[in-house]
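Structure below.
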């Protein structure tokens, strides 16, 4: 799939999510993404991996929607997809989320969604499973805890409008990360925290 095509699709979908009006057809269609992924798993690996990115992108883009209902359904669907696919696809999804959710309230949605995905995987995780995702997750969590995002959380207007901004999920996410990070990766986990706190 070409980069210009994906960029055009992103721009078109961005226009669709600016409204707070809930598109009922969209709400009904979101969970179908999970059914599509289940179906794709029965196909040859290369066919699944060729088609999976476009499905995941559509769900990630819906997390930009200003309507809480749409975001909740998209997040729930993405969590089901990751639980079904397994942790080896988590890094790809995190990169897609970090690229998609970049402006204002979307960054609050990003940290909340990452926590939801981690929480959903907890029962399946083994020590070391999250090591490939360590860098991207610490970037996301530290941006919320120590960056401009932390200051935004003090603004009542944001707290009242965005459910995802009401309580930091980064501490809870770090707790999960700490349980499953490999012993040889502990320094990489602690170092970014040490740098921002000094």
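Residue numbers (my numbering): 3 to 200.
Yeah, the Cβ is synthetic: ideal placement off N, Cα and C, and Gly gets one too.
Quantities reported herein were computed from a predicted structural model and do not represent experimental measurements.
Please return the same chain residues whose Cβ sits closer than 8 Å to the Cβ of residue 99, not counting the five positions on each side in sequence.
In the chain shown, residue 99 corresponds to position 97, counting from 1. Around residue 99: 62, 65, 112, 115, 116.
Cβ of residue 141 within 8 Å of Cβ of residue 170?
Taking the chain shown and counting its residues from 1, one reaches residue 141 at position 139. Taking the chain shown and counting its residues from 1, one reaches residue 170 at position 168. No, the pair does not count as a contact, with Cβ atoms beyond the cut-off.
In whole angstroms, what separates the C-alpha of residue 43 from that of residue 91?
If you number the chain shown from 1, residue 43 lands on position 41. If you number the chain shown from 1, residue 91 lands on position 89. When rounded, the distance between both Cα atoms is 13 Å.
Looking at C-alpha atoms only, which residue of 172, 136, 96, 33 is the closest neighbour of residue 148?
Position 146 of the chain shown, counted from the first residue, corresponds to residue 148. Considering only alpha carbons, the answer is 172.
To which residues of the same chain is residue 36 closer than 8 Å at the C-beta, ignoring the five residues directly before and after it?
Numbered from its first residue, the chain shown carries residue 36 at position 34. Excluding residues within five positions, the ones whose Cβ falls inside 8 Å are 79, 82, 83, 86.
Would residue 39 and residue 72 qualify as a contact pair, given that the criterion is a beta-carbon distance under 8 Å?
Start at 1 with the first residue of the chain shown, and residue 39 comes out as number 37. Start at 1 with the first residue of the chain shown, and residue 72 comes out as number 70. No, the Cβ-Cβ distance between residue 39 and residue 72 is not below 8 Å.
Out of curiosity, what's the CA-to-CA distance linking residue 77 and residue 189?
Position 75 of the chain shown, counted from the start, is the residue given in the question as residue 77. Position 187 of the chain shown, counted from the start, is the residue given in the question as residue 189. Using only the alpha carbons, I get a separation of about 31 Å.
Distance between residue 27 and residue 33 (C-alpha atoms, nearest Å):
As a working mapping, residue 33 is identified with position 31 in the chain shown. As a working mapping, residue 27 is identified with position 25 in the chain shown. Cα to Cα, the separation comes out at about 11 Å.
Taking residue 31 as the reference, give the member of 75, 93, 67, 53 with the closest Cα.
By 1-based counting over the chain shown, the position of residue 31 is 29. Ranking the options by Cα distance to residue 31, first place goes to 75.
Going by beta-carbon coordinates alone, are residue 187 and residue 133 separated by less than 8 Å?
Here residue 187 is taken as the residue at index 185 of the chain shown, counted from 1. Here residue 133 is taken as the residue at index 131 of the chain shown, counted from 1. Yes, Cβ-Cβ distance for residue 187 and residue 133 is below 8 Å.
Expected contact under 8 Å - CB spacing of residue 135 and residue 108 to nearest Å:
By 1-based counting over the chain shown, the position of residue 135 is 133. By 1-based counting over the chain shown, the position of residue 108 is 106. Contact flag wrong, Cβ pair sits at about 20 Å.
What's the call for residue 2, buried or exposed, on a 16-neighbour Cβ count within 10 Å?
Residue numbering for the chain in the displayed model covers 3 to 200; residue 2 lies beyond these limits and cannot be assessed.
For residue 59, the nearest candidate out of 69, 144, 185, 95 (CA to CA):
The count along the chain shown starts at 1 and reaches residue 59 at position 57. When each option's Cα is compared against that of residue 59, the closest is 95.
Can you find the residues in the same chain that come closer than 7 Å, C-beta to C-beta, to residue 129, ignoring five residues on each side of it along the sequence?
Taking the first residue of the chain shown as 1, we reach residue 129 at position 127. Counting only Cβ-Cβ distances below 7 Å, and skipping sequence neighbours, we find 182, 184.
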